[in-house]
Every structure is written in C-alpha cells, then in structure tokens.
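Student:
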Amino acid sequence: MSYTKDEMMSVAAARVLTDDTRCFVGIGLPSTAANLARNTHAPDLVLIYESGALGAKPDRLPASIGDGILGETADAVVGVGEVFNYWLQPGRIDVGFLGAAQLDRHGRINTTVVGDYAHPKVRLPGAGGAPEIASSCKQTFVVLRHTPRALVDRVDFVTSHGKGPALVITDLGELRPVDGELTLTAIHPGVTVEEVRAATGWELRVAEDLVETEAPTEAELTALRELKARS
Amino acid sequence: MSYTKDEMMSVAAARVLTDDTRCFVGIGLPSTAANLARNTHAPDLVLIYESGALGAKPDRLPASIGDGILGETADAVVGVGEVFNYWLQPGRIDVGFLGAAQLDRHGRINTTVVGDYAHPKVRLPGAGGAPEIASSCKQTFVVLRHTPRALVDRVDFVTSHGKGPALVITDLGELRPVDGELTLTAIHPGVTVEEVRAATGWELRVAEDLVETEAPTEAELTALRELKARS
Amino acid sequence: MARIVSLADAVAELIHDGDSVALEGFTHLIPMAAGQEIIRQRRRDLTLIRMTPDIVYDRMIGAGCAGKLIFSWGGNPGVGSLHRFRDAVENGWPVPLEVEEHSHAGMANRYIAGASGLPFAVLRGYTGTDLPGVTSTIATVTCPFTGEELTAVPAVNPDVTVIHAQRADRKGNVQLWGLLGVQKEAVLAAKRSLVTVEEIVDELTPVPGAITLPGWAVTLVAEAPNGAHPSYAQGYTERDNDYYAQWDGISRDREAFGDWLAEVTA
Amino acid sequence: MARIVSLADAVAELIHDGDSVALEGFTHLIPMAAGQEIIRQRRRDLTLIRMTPDIVYDRMIGAGCAGKLIFSWGGNPGVGSLHRFRDAVENGWPVPLEVEEHSHAGMANRYIAGASGLPFAVLRGYTGTDLPGVTSTIATVTCPFTGEELTAVPAVNPDVTVIHAQRADRKGNVQLWGLLGVQKEAVLAAKRSLVTVEEIVDELTPVPGAITLPGWAVTLVAEAPNGAHPSYAQGYTERDNDYYAQWDGISRDREAFGDWLAEVTA
Chain Z
36 MSYTKDEMMS VAAARVLTDD TRCFVGIGLP STAANLARNT HAPDLVLIYE
86 SGALGAKPDR LPASIGDGIL GETADAVVGV GEVFNYWLQP GRIDVGFLGA
136 AQLDRHGRIN TTVVGDYAHP KVRLPGAGGA PEIASSCKQT FVVLRHTPRA
186 LVDRVDFVTS HGKGPALVIT DLGELRPVDG ELTLTAIHPG VTVEEVRAAT
236 GWELRVAEDL VETEAPTEAE LTALRELKAR S
Chain D
36 MSYTKDEMMS VAAARVLTDD TRCFVGIGLP STAANLARNT HAPDLVLIYE
86 SGALGAKPDR LPASIGDGIL GETADAVVGV GEVFNYWLQP GRIDVGFLGA
136 AQLDRHGRIN TTVVGDYAHP KVRLPGAGGA PEIASSCKQT FVVLRHTPRA
186 LVDRVDFVTS HGKGPALVIT DLGELRPVDG ELTLTAIHPG VTVEEVRAAT
236 GWELRVAEDL VETEAPTEAE LTALRELKAR S
Chain B
623 MARIVSLADA VAELIHDGDS VALEGFTHLI PMAAGQEIIR QRRRDLTLIR
673 MTPDIVYDRM IGAGCAGKLI FSWGGNPGVG SLHRFRDAVE NGWPVPLEVE
723 EHSHAGMANR YIAGASGLPF AVLRGYTGTD LPGVTSTIAT VTCPFTGEEL
773 TAVPAVNPDV TVIHAQRADR KGNVQLWGLL GVQKEAVLAA KRSLVTVEEI
823 VDELTPVPGA ITLPGWAVTL VAEAPNGAHP SYAQGYTERD NDYYAQWDGI
873 SRDREAFGDW LAEVTA
Chain S
623 MARIVSLADA VAELIHDGDS VALEGFTHLI PMAAGQEIIR QRRRDLTLIR
673 MTPDIVYDRM IGAGCAGKLI FSWGGNPGVG SLHRFRDAVE NGWPVPLEVE
723 EHSHAGMANR YIAGASGLPF AVLRGYTGTD LPGVTSTIAT VTCPFTGEEL
773 TAVPAVNPDV TVIHAQRADR KGNVQLWGLL GVQKEAVLAA KRSLVTVEEI
823 VDELTPVPGA ITLPGWAVTL VAEAPNGAHP SYAQGYTERD NDYYAQWDGI
873 SRDREAFGDW LAEVTA
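Residue numbers (my numbering), protein chains in the order written: chain Z, 36 to 266; chain D, 36 to 266; chain B, 623 to 888; chain S, 623 to 888.
Pasting the structure below:
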C-alpha cells in the first residue's frame, strides 16, 4: 500500500504509545497519533485532554480540544483548573504529546512569536497547556512536520521546554536527544539523510546506529484512513 | 400556648434570619433555628452547610452535617474544599450561625479543650469549620444554652473569634457586643435579670434599653414542633 | 437571586467602557452572542480576559473594543490564526493591543485564586520558559515548610464575567454540562456576572455531569438561543466546524472583516 | 487500572504498621468496614488522618491502632463526645495519642495541596485563634504581588487513603454521589489508595451529581456491602442514627468497649 509522508508520521507517532500509558494529548497531529494508537495496538491507552476529559475514547478525531465527543466518551469530565492541578501537575501522566510551531536543536518549543516579542513578525497562538505539559509529564514526545522553518537552530522564544522532548517524530524521521542535542535516530523509508538535513535548520547530527522506520502496515494505514474518514 | 426555654431560644434565633440572607449553618441549635426561619418568615433563606450543600431545603432537621437530605434538596452540592474556598472564604455569606461549648465576655468561642491544651480536663471536639466561618462571614451569630460553664469570663482556648459575634441568643435572652463586651440587650419573657446574671460566668452588663423578647407566637411554636416531629 | 433580562439590557447594565471583562467557555459554550452585543453597543478600551480568545475575541479586537488582552492561547482552533488578533498585535490595527500572556495552567489558577478570595495562586509552572521575562504577573513564592521555590500568579477578578450555559430556571439558577471549562471559577471571581442560556425553564431536571450555579451567585441571566454559535452547547446545538473555517476568510483581511462588522452593527 | 481484591487482602497489602492513613468521608460514605478490618489485622502506630474522626477512628483509637491523629473535628455527630478519643487524649489510654489539630478549611486545603502535588496551600484561616500556638503545621506566607500576609498549611500526602463509594466497574472505575466530602482529594493526595464499594457492577450508568474516579487513579477496590454502617451510602443504605447513640454507651467505658473489641477481633 502506498502512503503519504503525513501518514508515515502519524503511524510512527502512534507506535510509540503503549497500552495503559496515560497520555496528555495536544490537539492536531498528537491527537491523530494518539487516537490511531488507541484504535490499533493500544486499546487501553488513557487519553487526557486539557479541556477536562480524562480517559476520552472518541471514535473519530476531535475537531477541537473542546469537541463534545471527548467529554461524552471520557471516564470522567473535570474542570480545566482541576485537569491541570490534580491530574497534570503531580506527575500522574506518563507522556505529554505535543505539537510545535518551532522546535530547536536543544528541544525547546516556540509557539509564541517569530521575531521580537514586543514587535513580532508573526504572532503565534501562545503557550496553551504546553509549558506545564512539558514539565509535569514523565516524558514529552513532539510530533511536527520537518521543515527548516519548523526545526530551527534556536527558537525566537521559549514557550515550553521542561526536560526537553525524549522523542521527536516528523514526517521524515525521528530525533532523540544525544548529549543535549536532537539527533536523527531513525529515518522513514524512502527518505535520505541529505533530505532530512536540508529540511533541518541546523547542522543535524545523525546517530551511528540510525535505523529505518518500518513502513506503515496495511492494518495501520487502514485504521488511520478509517479514523480520518469518520472525522 | 406554653413553651420551653429551648423553644424560646430557637424561635428568637430564627427571627434574626431574614429572607434572601445567605447563612452558613452549624449543626444542632443553629440548624434548628435556620430551618425554623425557612419554614416560617424566611422561605428564601439560603442555607449553606460545610458538608457541601449550597441552598439546602430540608423539610426536617438534619441528623448530622452530612445528612443526605441536605444534598438531595440543595441548589448545588460541592466538595468540602470548594465550600470553604469558593463559597465561604471570599465573603459571599452574610451570616455565620454557630453553636459553642464555651463563649467568653469578649465573644471568643472555645470548642477545643477545658483546661490546659496539653493535658486537658475535657477534650472537646475541636474547631471544625468555625474559625473560618467566624472570620469570613459578614457577621456571626451564636446560639447556646445559658449556663455559667458555657458563658465564661475567659475561654481556656480560643477556637474561633473572627470579628466576634454580632449577636448571641441563649435560652434566657440576647447579648450584643457593647464596647467590646457582650452585654445583655434582650431578655426572654418570664426571665429576670438576676437569673441571667446567675447563669453568666462574668459580671454581666445590662443594656440601658434592655427589651423583652416577644413570646413565641402560636404559628412559630407550631412550626417548630412540626419541624421537630418530622425529624 | 439573579434577575432575568434581555441580552441588550444585560450588556448595557453590566459592561462599561474601560471594564475588565472575561467571556469564558473552553471551546464549548463560548458566549458568542454576548460578544456580538458588546460590539453592537460599541464598548471601548476593555481589558479582555480569556484563556482561549477564539473567534469571540477576534471579533471584539477587530471591532476596536479592546485595549488589552489577558490570555493563554490565541488561535482559531482546528483552523489556524486569529487574524484580527494578529493584526492588532503585529500592526496595532485598529488600535494597539497590550497583551498579558500566561499558560493555561497559570490562567486557570488565576481564576481559582479569584474565585477563592485570595490575592494569588501557587503552581508548578513556566519552568524554563521565556514567559516570566515578558509577563510581569508571574512571580515566585517560597514554601514556608519545605523552602521549595514555586511559581505564583495573581488572582484575576474581572469587573464582569460572561458565560453561556444550557439553561436557567426563573430564579436564575444556572445549569451547565458537558466540558465544564473554567466557567464556575470565572463567575465566582468576578464582581458582576451575566449568564446567557439556551433557554429558561420552569424546572432544572437533573442531568448527569451537570453543575449548578445558584441564582444568588449570578447577577443577570439572559436568554440567547444558539448563543454559542459557531461554538456549541452540549445537548442543544452542534459545533459549526465550517464556520470556523469560514471565519479564516472573513477575518483575514480588514475589508472583509469591515463588511462583516458593518452588517453586525447595522 | 485498579485491582479488585477482598477487603482483608486489600488491608493486608496496603496498610502497614507505622503508616499514615486517611479514611475519608464527610459524615456520608465513611469507610467503616475498612476501619474494622484494620482493627482485626491489629495494625499499630498508625498516623490517622481525617477531618472528622467519628466512630470509625474512635474504634481504631480505642483498639490501640493509632499513635497520632491529624484532624479538625472529633465528635460523635448529633450525639456528643467520642469517648475513646477523649480517653486517649485525656488519659493516654490504651496508648498515648499525639494530636495535630486544624480547622476544616485547613484540612481540606492540606488535601487539595496534596492532590495537586504542591508542598503547601494558601488560605485565609485561623485568624485570632489559639490554633497556630499549638499546631506547628500552620504558618504564614506573603503574597508576592500585594504583600498581604496569608495562612499556609502543608500538603498532606497519606501513605494510604481509604474511601467508601457506591460502586465500581470491573476495571476499578469508581462512581460516588451525594455529599462528596474530600474523598477525591484524599485519594489523589495518597501514595496508595483503597476504595470499598457497595457493589461491583458491569457498567456505571450515569447518575446526576456523581463523580468518577478513573480506575487508573486507584490502587485497589474491594466490595464491602453496607461498608459505611452506621454512616450511609446515598442510594444504597440509610444512616443508622440509633447506632450513633448506642455507640455512646459502648464507647463510654473501657470495659464495654473491650467487649465490643473482643467480638470484632474474635
């Protein structure tokens, strides 16, 4: 079965979520991956959304962080204050799964501004839940599309960091921190290292034991496409 | 209609609660008075119990602060943390209505110990909600039976004080603070000043404009007795 | 007991030029109709407070109602940018917009402190971020027991909070269910409050997951059917996802937005 | 996912001599059966934590399970004194009992801080009282924004929290309704938790006013029908007001209590 780069990214991101993991899910790419995981190999994955849905089990992709289906299918619905204070802050959540507008070589995330804060070139949406998701979850994964504008040498503004992401999944490969610097550790089938380097805003290091990601299986692709079709 | 001293006390205590007042109600004598008020002249009195019942409307006297009827009839049920933090603490409640084991001439309440704290003669139940009820409500009323052991010169332990009670209703009369000292301002029918003085643990001052409480009306007594009969 | 009035009268009575105003609702139950009415009544120099400004504030900012925005995430959810918000921040159009920027955890705790009658809240927040460098309302506090240093944010106590709920009874008791957001805290933190509702009913029958705000904790209630559109009211209306996408087109340039505004204020 | 075990196995696994243990339930849903089982298993030197010690702790104190009590109101509600509690404090019988005494507001906030992963909570409390003079866990903290001085209390994080609820499903999701108390906070503040339930069911049908504790936030669930007696479980059992009065007689003298204890531990 042929597949797109975006599909490879979502499948790769879904694979890193294991059953019974508690995952604090950002909307967009992380939510797609997390719901794909729940619909394939990790049916007991616990999805927590900042809108107050604990253990959401949507059968389609939520259109927004406040999609009604999140509350309707959740184990429990709590207020936004409670989800941050009682559920995120004490370190109960295993994985924080975030997107990013910009990510730098040290794993710092920017979703605030491009350019100067007081006179920004581009005003981005801002922090949302990310700073505390990044610092309070046991580990953070980031999923984003691989472009030189997204993966930069140094972000213009540190919106969130925490311990830094343990894993970054892009549409070209996977990066992990090695000696404090995000390093290419896996590459998706059909992608070359040169391609990844060209799409990265710094001199990307490549792990000696670089592996090739397994291509999406037919089951994974079918599940992803069905999920998207229902959404 | 003849009536007991306790009935006079409950009726007098009920009368001071006016319609639409928000009243934080202690269990026991205050709860009896507050529910009598709601069943007579103040049907829209708002009763708040520390067990989390906001706007409770019991048709009988609750057997405890956690009687199920409080939650079943309430406008809203909230957790105990919320009732103190969101509802009591910001000063939303007009009247705190408390009982007391001991009350002194300066309006300080003791429900902690008789004797020394480390080696008490009598260990009383302790503070409960009283310290913050006394300090956070716009004003505090106290209702208790008038004995020299209850109304003392100086409490052994200050469990709660706040601004001090604006009004104390006993089975003999009513006391209000005058120049910082609780002073007899009303006396129940058939009770003499000497009787009240003998039942008070300090040299009780008597207001110049001492008034006699109006005896319970038939309607008040009937309502009180029906309420007790249902309980 | 809350008074029940028309939406126009409620906005006229409660919201004045220069007020700090929180319209809350976390993606669900956004008080959009109230936002439109504030635009219609041409309020100016408001300090707008809201975790997720969304279309409701994009409109008010574009209409020139706001002098300042206190927020934590300002995007068009599921679509992209809030163009009027960006135009105000990037170009000062139609008027300059001061921003005071927090995280969701910080904003939620500011409402909690406000609802609790406390001057500040404590959290573990903003660690390793640049936010404390640009936002003066982020400080530290030391635990008197452990000596640990934590983050503090000041209470937010809006002059007026506006929320949308499913329904109220004739005494102004408000019933709200589905995703709950920070609406309770936002109402309790405010000096005055307005709740718009899908409908006013004789009796609030119990609904699983519903919370009730007693009428004595609310200032005014106004009926505003479909008052959350394009957001939704669980059990009453559906989210209009297409409109969120359409708004991108309307808001993207000043002229298209001007046409929209002229229609609203006509 | 919580594991479902017998009450005896749950107590044996979770509660050890010397542990700090909170059995919570504010008059409603008091985990009485769990308290009895702790007595049966002869736990010693526990630090008992609970806002309202009630009969459940009067028994455990009289049985000699407790070395310390952290509490805010220790009476027999609607009846009078807790005689075993008084005997322990006044006469050190059967063993001396250290007390750490707070107000309800203080205790509730200690649980909230514990549930929130914070070392302390801020409140307006204890003003003008003698409590700060006898309780070392009451301090002050200064608002970094206004300079106002407020009260601070440390988080409480029990080794084990035990609560009673109406029911759980087979994955250990717990459903609880009626007066809610501080049970959610007490469970979330604890390192380990046990929920006893009236019944285990296949599906938790929605109930107005109910909250759910996800099974992944609970360690163990045990079935204990009528496990709150003489307290009650809204929708399942009624409060046994007569028993509260009877307990006054049982607990008033050491001999009558001894007979009761012998029967329980037989």
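Backbone N, C-alpha and C fix where the C-beta goes; we use that ideal spot for every residue, glycine too.
Label Tyr865 (chain S) either buried or exposed according to how many other C-beta atoms from any shown protein chain fall within 10 Å of its C-beta, with 16 as the threshold for buried.
Tutor: Exposed.
Student: May I ask you to verify whether the region 46-60 of chain D touches the region 246-264 of chain Z, counting CB pairs closer than 8 Å and requiring at least 3?
Tutor: Segments in contact, no.
Student: Whose CA, out of D:Gly150, D:Val130 and D:Pro125, lies closest to the CA of Pro741 (chain B)?
Tutor: Looking at the Cα atoms, D:Pro125 is the closest of the given residues.
Student: Interface residues of chain D around Ala727 (chain S) at Cβ under 8 Å?
Tutor: Those are Phe119, Asn120, Leu123, Gln124, Gly164, Pro166 and Glu167, listed as they occur along chain D.
Student: Do the CB positions of Arg672 (chain S) and Glu712 (chain S) come within less than 8 Å of each other?
Tutor: No, the Cβ-Cβ distance between Arg672 (chain S) and Glu712 (chain S) is not below 8 Å.
Student: Tell me where the beta strand (DSSP E) around Arg814 (chain B) begins and ends.
Tutor: Where Arg814 (chain B) is concerned, the enclosing beta strand (DSSP E) stretches over Arg814 to Val823.
Student: What are the uninterrupted segments assigned as beta strand (DSSP E) that are 3 or more residues long and contained completely in the region 158-213 of chain Z, given in chain order?
Tutor: Runs found: 174-178, 202-204 and 208-213.
Student: Counting only the same chain and skipping the five closest in sequence on each side, list residues whose C-beta sits under 7 Å from that of Met682 (chain S).
Tutor: Result list for Met682 (chain S): Gly657, Ile660, Ile661, Leu670 and Ala688, in chain order.
Student: With respect to the beta strand (DSSP E) encompassing Pro776 (chain B), which residues constitute its N-terminal and C-terminal limits?
Tutor: That run of the beta strand (DSSP E) goes Glu771 to Pro776.
Student: Does chain B have any CB closer than 8 Å to the CB of Ala68 (chain Z)?
Tutor: It does not; no Cβ of chain B falls within 8 Å.
Student: So which of D:Val113, D:Asp206 and D:Val213 has the shortest CA-CA distance to Gly199 (chain D)?
Tutor: Checked all of D:Val113, D:Asp206 and D:Val213; the closest Cα to Gly199 (chain D) is D:Val213.
Student: Rounded to a whole number of angstroms, what is the C-alpha to C-alpha distance between Pro718 (chain S) and Ser815 (chain S)?
Tutor: When rounded, the distance between both Cα atoms is 27 Å.
Student: Verify whether the separation of the beta carbon atoms of Ala135 (chain Z) and Val177 (chain Z) is less than 8 Å.
Tutor: Contact flag set, yes.
Student: Given Val113 (chain Z), which residues of its chain have a CB within under 6 Å of its CB, disregarding the five upstream and five downstream residues?
Tutor: The answer, listed in chain order, is Gly87.
Student: Enumerate in chain order the residues of its own chain whose CB-to-CB distance from Ile652 (chain S) is below 7 Å, with the five nearest sequence positions on each side excluded.
Tutor: Excluding positions up to five away in sequence, the list reads Asp676, Val678, His786, Ala850 and Ser853.
Student: Return the Cβ separation of Ile692 (chain B) and Gly728 (chain B) in integer angstroms, given the expectation that the two are a contact with Cβ distance under 8 Å.
Tutor: Incorrect: roughly 10 Å between the Cβ atoms, too far for contact.
Student: Whole angstroms are fine: how far does the CA of Leu217 (chain D) sit from the CA of Glu209 (chain D)?
Tutor: The straight-line gap from Cα to Cα measures roughly 9 Å.
Student: Looking at chain S, is there any beta carbon in it that lies within less than 8 Å of the beta carbon of Ala656 (chain B)?
Tutor: So, not an interface residue.
Student: If you draw a straight line from the C-alpha of Glu42 (chain Z) to the C-alpha of Asp206 (chain Z), how long is it?
Tutor: Those two C-alpha atoms are separated by around 8 Å.
Student: Comparing alpha-carbon positions, which option in B:Leu636, B:Leu704, B:Asp641 and B:Arg625 lies nearest Arg876 (chain B)?
Tutor: Checking every option, the nearest Cα to that of Arg876 (chain B) belongs to B:Leu704.
Student: Taking Cβ to Cβ, would you say Asp129 (chain D) is nearer than 8 Å to Arg57 (chain D)?
Tutor: Yes, these two residues count as a Cβ contact at 8 Å.
Student: Which residues in chain B have a C-beta closer than 7 Å to the C-beta of Asp110 (chain Z)? List them in chain order.
Tutor: What Asp110 (chain Z) touches in chain B: nothing, since even the nearest Cβ is about 12 Å away.
Student: I'd like to know whether the C-beta of Lys690 (chain B) is nearer than 8 Å to at least one C-beta of chain Z.
Tutor: It does not; no Cβ of chain Z falls within 8 Å.
Student: Here's the rule I'm using: 16 or more other beta-carbon atoms within 10 Å means buried, otherwise exposed. How should Pro830 (chain S) be labelled?
Tutor: Burial call: exposed.
Student: Identify the contact partners of Arg57 (chain Z) in chain S, using a Cβ-Cβ distance below 7 Å as the criterion.
Tutor: Simply Trp838.
Student: Would you please state the rounded distance, in angstroms, between the beta carbons of Arg625 (chain S) and Leu842 (chain S)? I believe it to be under 8 Å.
Tutor: With 8 Å as the limit, Arg625 (chain S) and Leu842 (chain S) qualify as a contact, their Cβ atoms being about 6 Å apart.
Student: For Arg603 (chain S) and Pro836 (chain S), what's the separation of their Cα atoms in angstroms?
Tutor: One cannot answer for residue 603 (chain S) here, as it falls past the ends of chain S, which runs 623 to 888.
Student: When you compare each of D:His181, D:Ala162, D:Pro78 and D:Ile104 to Ala233 (chain D) by their alpha carbons, which one comes out closest?
Tutor: Cα-wise, what sits closest to Ala233 (chain D) is D:His181.
Student: Can you have a look at Pro44 (chain Z) and say buried or exposed, based on whether 16 or more other CB atoms are within 10 angstroms of its CB?
Tutor: A quick correction: the sequence has Met, not Pro, at residue 44 (chain Z). Buried, because 16 or more other Cβ atoms sit within 10 Å of the Cβ of Met44 (chain Z).
Student: Figure out for me which residue from S:Gly800, S:Thr751, S:Asp631 and S:Gly794 has the closest Cα to the Cα of Tyr858 (chain S).
Tutor: Comparing Cα-Cα distances from Tyr858 (chain S) to each of S:Gly800, S:Thr751, S:Asp631 and S:Gly794, the minimum goes to S:Gly800.
Student: Tell me which same chain residues have a C-beta within less than 6 Å of the C-beta of Ala109 (chain Z), skipping the five on either side of it?
Tutor: The answer, listed in chain order, is Ala88, Leu89, Gly90 and Ala91.
Student: Quick check: is the beta carbon of Thr175 (chain D) nearer than 8 Å to any beta carbon in chain S?
Tutor: So no, Thr175 (chain D) is outside the interface.
Student: Would you list the one or two residues that DSSP bridges to Arg57 (chain Z)?
Tutor: Paired residue(s): Z:Val81.
Student: Thinking Glu845 (chain S) and Glu821 (chain S) are a contact (beta carbons under 8 Å), I'd like their distance in whole angstroms, please.
Tutor: Glu845 (chain S) to Glu821 (chain S), Cβ: 6 Å. Contact.
Student: Using only the alpha-carbon positions, how far apart do Ile168 (chain D) and Ala153 (chain Z) sit?
Tutor: One C-alpha to the other measures close to 47 Å.
Student: Does the distance from the CB of Ser642 (chain S) to the CB of Tyr121 (chain Z) come in under 8 Å?
Tutor: Contact flag unset, no.
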